[in-house]
Amino acid sequence: MGASVLVKGTQIGAITGVDGDFTLPNVPSSAKTLVISYIGMKTQEVVIKPSVKVVMMPDTEILDEVTVVAYGTKRKQDLVGSISSVKNEIISNSQATSVSNALEGAVAGLQVVSSSGQPGQDANIVLRGIGSISASNNALIVVDGVPFNGKLSDINPTDIASVNVSKDAVSNSLYGSRAAGGVVMITTKTGRKDKVAINFNGSWGVAQRAYKDYDMATDPGEFYRLSWYGLRNTYWAAGKSIEDSNLAASQDLLGELGNYNAYIIPQGEYLVTPDGKLNPNARLRYNDSFADALFDNAFRQEYNVSASGGNDRTDYYVSMGFLDNDSYVLGSSYERFTARANVNSQLKSWLKVGTNVGYSKATQNGVQENAGAASNPFEVARSWAPIFPVHAYDAEGNMKYYEDGSPMYDAGNGETDGTSKRPTATNQNVIANMKEDIRETVYNNLTSRSYLEISFLKNFKFTANYSYDFTNSSQTVFYTPLIGDGQSFGGRGTKGSYNTTTTNFNQILAYSNVFGDNHHLSAKIGHEYYKYEYQYLAGQKTNFFNPNNPELDNGGQMQYINSYTANHNIEGYFGMADYDYSNKYYLSAAFRRDGTSRFLDRWGNFWSVGAAWRISNEAFMEGTNSWLNDLKLRASYGTQGNESILSEYDYAYVYTPYQDQYTVTWNGSELGYSPEFYGNPDLTWEKQKTFDVGVDFRLFDRVYGSFEYFYRRTDDMLFKRPVAYSTAGRPYNWENLGAMKNTGIEFEVNVDIFNQPDLKWTVSLVGSHYKNRIVTLPEENRENGITSGPFNLREGKSRFEYYTYMYAGMDEKGNAMWYMDETNEKGEVTGRTTTTTYADATRYFIGKSALPDFNGGLSTTFSYKGIDLSIATAFQIGGYAYDYSYLSGMSSSFYVGHNKDMWKTFNPETGQGSLPIWNADNASNSFTQQSDLNLIKASYFSIRNITLGYTLPKNLTQKLGVEKLRIYATADNLGLWSKRQGFDPRVAMAGSDDEYGGYSPMRVISGGINLTF
43 MGASVLVKGT QIGAITGVDG DFTLPNVPSS AKTLVISYIG MKTQEVVIKP
93 SVKVVMMPDT EILDEVTVVA YGTKRKQDLV GSISSVKNEI ISNSQATSVS
143 NALEGAVAGL QVVSSSGQPG QDANIVLRGI GSISASNNAL IVVDGVPFNG
193 KLSDINPTDI ASVNVSKDAV SNSLYGSRAA GGVVMITTKT GRKDKVAINF
243 NGSWGVAQRA YKDYDMATDP GEFYRLSWYG LRNTYWAAGK SIEDSNLAAS
293 QDLLGELGNY NAYIIPQGEY LVTPDGKLNP NARLRYNDSF ADALFDNAFR
343 QEYNVSASGG NDRTDYYVSM GFLDNDSYVL GSSYERFTAR ANVNSQLKSW
393 LKVGTNVGYS KATQNGVQEN AGAASNPFEV ARSWAPIFPV HAYDAEGNMK
443 YYEDGSPMYD AGNGETDGTS KRPTATNQNV IANMKEDIRE TVYNNLTSRS
493 YLEISFLKNF KFTANYSYDF TNSSQTVFYT PLIGDGQSFG GRGTKGSYNT
543 TTTNFNQILA YSNVFGDNHH LSAKIGHEYY KYEYQYLAGQ KTNFFNPNNP
593 ELDNGGQMQY INSYTANHNI EGYFGMADYD YSNKYYLSAA FRRDGTSRFL
643 DRWGNFWSVG AAWRISNEAF MEGTNSWLND LKLRASYGTQ GNESILSEYD
693 YAYVYTPYQD QYTVTWNGSE LGYSPEFYGN PDLTWEKQKT FDVGVDFRLF
743 DRVYGSFEYF YRRTDDMLFK RPVAYSTAGR PYNWENLGAM KNTGIEFEVN
793 VDIFNQPDLK WTVSLVGSHY KNRIVTLPEE NRENGITSGP FNLREGKSRF
843 EYYTYMYAGM DEKGNAMWYM DETNEKGEVT GRTTTTTYAD ATRYFIGKSA
893 LPDFNGGLST TFSYKGIDLS IATAFQIGGY AYDYSYLSGM SSSFYVGHNK
943 DMWKTFNPET GQGSLPIWNA DNASNSFTQQ SDLNLIKASY FSIRNITLGY
993 TLPKNLTQKL GVEKLRIYAT ADNLGLWSKR QGFDPRVAMA GSDDEYGGYS
1043 PMRVISGGIN LTF
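Take 43 as the starting number for the sequence shown in the numbering used here and just add one per residue.
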């Protein structure tokens, strides 16, 4: 049904009916040939006869032209909406544990926000920018037609057949309230109606830290000299002469650093002399770096095996996979086992059934991220002074040992030479902690998708789909009583079990028919019920009897035990209709009514309309046929909602955010309660309106792609309005307020430079640009806006334009100066002046934005005979960010790790310096303060993956009984170029690196073999 039949050399044609029938009136007697085509099938030419029978054969080169859409599939040429397909090699070549991390630079308008490089960690996927201020901006993940709440890392990427990204209203409105952030549709593999095919893929490689860290003073000698420099400048700024300051810094240096001396020096001499140089008589006593002990190359191995086959009635696909991915960070690893079975059967001519079941078990051993400097390995490696050793040493530089013969750790309590005491984080040693502590999570995940499909009355089809997803996360966190955070508690252990259950049941009645020769109508109506349940159970004890047993029955004192169950339900009714005439004119409309348990006002309506015009099929375009293969103009408009305001970690999620919540209290004798959260009964849907217009094209049968413009407006924004905790008893209120809009352009361009059987080379470029504006705010906020971090929500301004302090240079003593408003007696601003007191400075809109000017990706695939090569990259141009991880190395404290840029601070001896003076006694002078001085360009270019493979000739492999044998080498995260060494702009979208010592990305270089039998 739906194949195109054309009399060759004419415009006379028809579309086949449901049984493949067609009629061609007024065929010229001179006509000899019919051209029959269908997307995904090989085009055939047959001789004209009164009756023609043609069996269409699949064309494997263009099968991807059939695109997954909401609740079904469509031919790509029939799409009215904006849907992009991710190239198969992007997924198959990537070694990321989660498919989300493989999508960077793959689709126009898609941004991957990954705050952690820990294996097994998912990234957030954001489409067409930020559409909400406080609610979720993440895309809806749909797996095999059903919304998915689990971890994408639980899905084996080798089981994925396709990934399609849906961005506009006409494509997403059928998902109603959950699709305001766009939809990522993942389809897993099915069997083939052919003989059994068995595939094996094995790879072995090395995992290492992907990119260099910041340029820190890691040499002990340079660190001492740099600390001396800062101490000397602090003394000078306090009024001492430069000579006295030089001498005082030499005298006091080791005392400021807890008397840690990594050198042996003659009695009575200074480690750093008054001229700022390292004592030439100093001899290195130890060089025991935390960074060297924390990070090392690790081994990675992965094995996948699958079998697929079938006959004309049944097809099946079964697979198993195992991944063992140790990380380059001490104590961090990820192990995953997956299994999948997908079976479809045509039981009767009118009845088809199928089930798709997946299971995974993953064990993740993690490390502290975004935590205190003493327990976060990245922060320790970067921000701890390199003079603080991992192990304890005596005065002669000999390592000390415990009674059992194991090396003694330095915990900052005088273990090294008996006199040193670390100025910060005493009783801490991250190496000892990571070897003794436990941070393990075990995930068990089961997903199932089952359907029953009944065809009746020739043009009708009824489908019932039921899905059940279950995930159990069992977590053990144990802090040893021997050292570190757990010592003062006699050990501290936490056990948690967290169950997530999601069920989804929908019923769809579909109709499809061809009227006459050129009218095609399809329609669907349906009902869907979604239920989400989260069960939380966790307890903690301290004072553990056996320091090596993390089980709670080994702990003596209960700290807490807690449990709750959270529920979220959605019920929806929907309908849609598509019409096309002669493969030229297309109309589409959809409507959905959703009810949610999150709001007191339960129900919301969402709809869309769209149209497309295939210009290239018009008669007046016949003269362009030699170079214009396809040209389609499309447009859509519609509404969507957003109710994703809370996560299971926010207390109000437990019940309903429109009701007041209370905490039960017990003072030892009386039971009571206290307010925890004040609900808002007026809270309602965030409403989004989207307009999209695009052009799809194909030129010279080589250049193809699309250009799009979009407009996206959000009204009744869900917002966490800050309130004074001291008076309100809570940090914020949830409210609906104001409106915001995004406008932007996107493009995808592909060029088949060569497309011969033995030589193929394709280059692809995707890119996007968008702007953001706050349209309206409540009356009381219109003049001064709402300040949020370094931003201020203000009508007419971008949500991401910085509202911060402006650096005005240095005075003659190297002190930082800041701009401030001058006012008259009426309080009116009359001008600007400068101040050296940071607290007196004024915040301004500075004309710089966290939004990039442009982002996208460039990729290429090349094959010649048996050789194949693919390269995937991503880039961003423009935008600014606060690089807080860098600023942690610019602290004025003497005993923390120093970035080498501290040498650029004002030097009172020379009067030179590009940064303000290093003065530990003047907070106003700290260049880590929030200001435009610390904004950095967020442009970057990254090489995401390079894969090189060779497929042996069939005449060789068939002798071995192998249908296909391919060997390959592949590498992920080969390079990142940004404005500053160590700075990764990809970890956040809100104007900061958001790391504070976060998990740096991992590079994986592997070799492998792929066998098909």
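Backbone N, C-alpha and C define an ideal beta-carbon position, used for all residues, glycine too.
Computed from a prediction, not measured in an experiment: that's the story for all the values here.
At the level of alpha carbons, what is the spacing between N560 and L675?
Start at 1 with the first residue of the sequence shown, and residue 560 comes out as number 518. Start at 1 with the first residue of the sequence shown, and residue 675 comes out as number 633. Distance between the alpha carbons of N560 and L675: 19 Å.
Unbroken alpha helix (DSSP H) run spanning G272, endpoints:
One-based indexing of the sequence shown puts residue 272 at position 230. From DSSP, the alpha helix (DSSP H) with G272 extends over P262 to A279.
Distance between V149 and V188 (C-alpha atoms, nearest Å):
In the sequence shown, counting from the first residue as 1, residue 188 sits at position 146. In the sequence shown, counting from the first residue as 1, residue 149 sits at position 107. Taking the straight line joining both Cα atoms gives about 22 Å.
Go to E750, then tell me how far its beta strand (DSSP E) extends in each direction, as first and last residue.
In the sequence shown, the residue the question calls residue 750 occupies position 708. From DSSP, the beta strand (DSSP E) with E750 extends over V745 to P764.
Name the two residues that bound the continuous alpha helix (DSSP H) containing N997.
Translated into positions along the sequence shown, residue 997 becomes position 955. Segment K996 to T999, the alpha helix (DSSP H) holding N997.
Would you mind stating whether N487 and N346 have Cβ atoms separated by less than 8 Å?
The sequence position of residue 487 within the sequence shown is 445, counting from 1. The sequence position of residue 346 within the sequence shown is 304, counting from 1. For N487 and N346, no; Cβs fall outside 8 Å.
Quick check: what's the CA-CA separation for D101 versus Y578?
Position 59 of the sequence shown, counting from 1, holds the residue named residue 101. Position 536 of the sequence shown, counting from 1, holds the residue named residue 578. Confidence in D101 is poor, its pLDDT being 49 and thus under 50, which makes the residue's placement unreliable; the coordinate value appears in the next sentence. Spanning the two alpha carbons is a distance of roughly 50 Å.
Spatial neighbours of G460 within its chain, please: CB distance less than 6 Å, with the 5 preceding and 5 following residues excluded, ordered by chain position.
Sequence index remark: in the sequence shown, residue 460 carries index 418 (1-based). There are no such residues.
Boundaries (first-last residue) of the alpha helix (DSSP H) holding S539
For the purposes of this step, residue 539 is taken as residue 497 along the sequence shown, with counting starting at 1. No alpha helix (DSSP H) holds S539; the beta strand (DSSP E) holding it covers R534 to F557.
DSSP beta-bridge partners of D1026
As a working note, residue 1026 is residue 984 in the sequence shown. None; D1026 has no bridge partner.
Could you say which of T952, I307, N596 and V871 lies nearest to L326 if we only look at CA atoms?
For the purposes of this step, residue 326 is taken as the residue at position 284 of the sequence shown. Comparing Cα-Cα distances from L326 to each of T952, I307, N596 and V871, the minimum goes to I307.
Buried or exposed (CB count within 10 angstroms, at least 16 for buried), Q599:
Translated into the one-based positions of the sequence shown, residue 599 becomes position 557. It counts as exposed.
In the DSSP assignment, find the unbroken beta strand (DSSP E) run with A383 in it and report its ends.
Looking up residue 383 in the sequence shown gives position 341. For A383, the uninterrupted beta strand (DSSP E) segment begins and ends at S375 to K390.
How long is the line joining the alpha carbons of G614 and S195, rounded to whole angstroms?
Position 572 of the sequence shown, counting from 1, holds the residue named residue 614. Position 153 of the sequence shown, counting from 1, holds the residue named residue 195. Going from the Cα of G614 to the Cα of S195 covers about 29 Å.
Rounded to whole angstroms, what is the Cα-Cα separation between Y844 and P723?
Within the sequence shown, the letter at position 802 stands for residue 844. Within the sequence shown, the letter at position 681 stands for residue 723. Distance between the alpha carbons of Y844 and P723 is about 33 Å.
Using 10 angstroms around the beta-carbon of V226, count the other beta-carbons present and answer buried if the total reaches 16, otherwise exposed.
Along the sequence shown, one-based indexing puts residue 226 at 184. Buried: at least 16 other Cβ atoms inside 10 Å.
Find out if the Cβ-Cβ distance for the pair S215, A632 is shorter than 8 Å.
Position 173 of the sequence shown, counted from the start, is the residue given in the question as residue 215. Position 590 of the sequence shown, counted from the start, is the residue given in the question as residue 632. Yes. Within cutoff.
Please name the residue in A980, G908 and Q971 whose C-alpha comes closest to that of N997.
As a working note, residue 997 is residue 955 in the sequence shown. Closest by alpha carbon: G908.
So who's on the other strand from T115, going by DSSP bridges?
The residue given as residue 115 occupies position 73 in the sequence shown. Answer is V110.
Spatial distance of E1067 from N684 (CA atoms):
Because the chain here runs from 43 to 1055, residue 1067 falls outside it and cannot be looked at.
Of all the options M258, G597, E854 and N609, which has the alpha carbon lying nearest to the alpha carbon of Y574?
Within the sequence shown, residue 574 is the residue found at index 532, counting from 1. The option with the nearest alpha carbon to Y574 is N609.
According to DSSP, is Y328 helix, strand or coil?
In the sequence shown, residue 328 corresponds to position 286, counting from 1. Three-state result, Y328: coil.
Should N941 and Y256 be called a contact, given that it needs their Cβ atoms to be closer than 8 Å?
In the sequence shown, residue 941 corresponds to position 899, counting from 1. In the sequence shown, residue 256 corresponds to position 214, counting from 1. Cβ atoms of N941 and Y256: closer than 8 Å.
I believe S448 touches G456 by the beta-carbon criterion, under 8 Å. Please report the beta-carbon distance rounded to the nearest angstrom.
Taking the sequence shown and counting its residues from 1, one reaches residue 448 at position 406. Taking the sequence shown and counting its residues from 1, one reaches residue 456 at position 414. The beta-carbon separation of S448 and G456, rounded to 19 Å, does not stay under the 8 Å limit for a contact.
Exposed or buried, which one is M663 when buried takes at least 16 other CB atoms within 10 Å?
Mapped onto the sequence shown, residue 663 falls at position 621. The residue is exposed, with fewer than 16 neighbouring Cβ atoms inside 10 Å.
On the DSSP bridge list, what partners appear for T900?
Numbered from 1 along the sequence shown, position 858 holds the residue referred to as residue 900. Contrary to the premise, residue 900 reads as Leu rather than Thr in this sequence. In the DSSP output, where bridge partners are listed per residue, L900 has L807 and T915.
If we ignore side chains and look at the alpha-carbon of each, how far apart do A474 and S417 end up?
Numbered from its first residue, the sequence shown carries residue 474 at position 432. Numbered from its first residue, the sequence shown carries residue 417 at position 375. If you draw a straight line from the Cα of A474 to the Cα of S417, it comes to about 10 Å.
Check this for me: beta carbons of D974 and K890, under 8 Å apart or not?
What you label residue 974 is simply residue 932 of the sequence shown in a count that begins at 1. What you label residue 890 is simply residue 848 of the sequence shown in a count that begins at 1. The answer is yes: Cβ separation under 8 Å.
Given a cut-off of 8 Å, decide if R874 and E867 are closer than it, judged by their beta-carbon atoms.
Taking the first residue of the sequence shown as position 1, residue 867 is located at position 825. Taking the first residue of the sequence shown as position 1, residue 874 is located at position 832. No.
What is the DSSP secondary structure of Q954, counted as helix, strand or coil?
Here residue 954 refers to the residue found at position 912 when the sequence shown is read from its first residue. Strand, per DSSP.
CA nearest to the CA of A177, picked from T970, R740 and P699
In the sequence shown, counting from the first residue as 1, residue 177 sits at position 135. Nearest C-alpha to A177: P699.
Let me confirm a value: P1056 is counted as buried when at least 16 other C-beta atoms fall within 10 Å, else exposed. Which label applies?
Only positions 43 to 1055 of the chain appear in the structure, and residue 1056 is not among them; the question remains open.
Check for me: the alpha helix (DSSP H) holding G151 runs from which residue to which?
Position 109 of the sequence shown, counted from the start, is the residue given in the question as residue 151. Careful: G151 lies outside any alpha helix (DSSP H) and carries neither H nor E.
Does DSSP classify I985 as helix, strand or coil?
Start at 1 with the first residue of the sequence shown, and residue 985 comes out as number 943. Three-state DSSP puts I985 in a strand.
Using 8 Å as the cut-off, can you tell me whether the segment 1041-1048 makes contact with the segment 1008-1023, which would need three or more C-beta pairs spanning the two stretches below that distance?
Yes, since at least three Cβ pairs between the segment 1041-1048 and the segment 1008-1023 fall closer than 8 Å, the two stretches touch.
Cutoff 6 Å; reference Y1041; Cβ partners in own chain excluding five residues on either side
Counting from one through the sequence shown, the residue named residue 1041 turns up at place 999. Same-chain partners within the cutoff: S158, G159, Q160 and E411.
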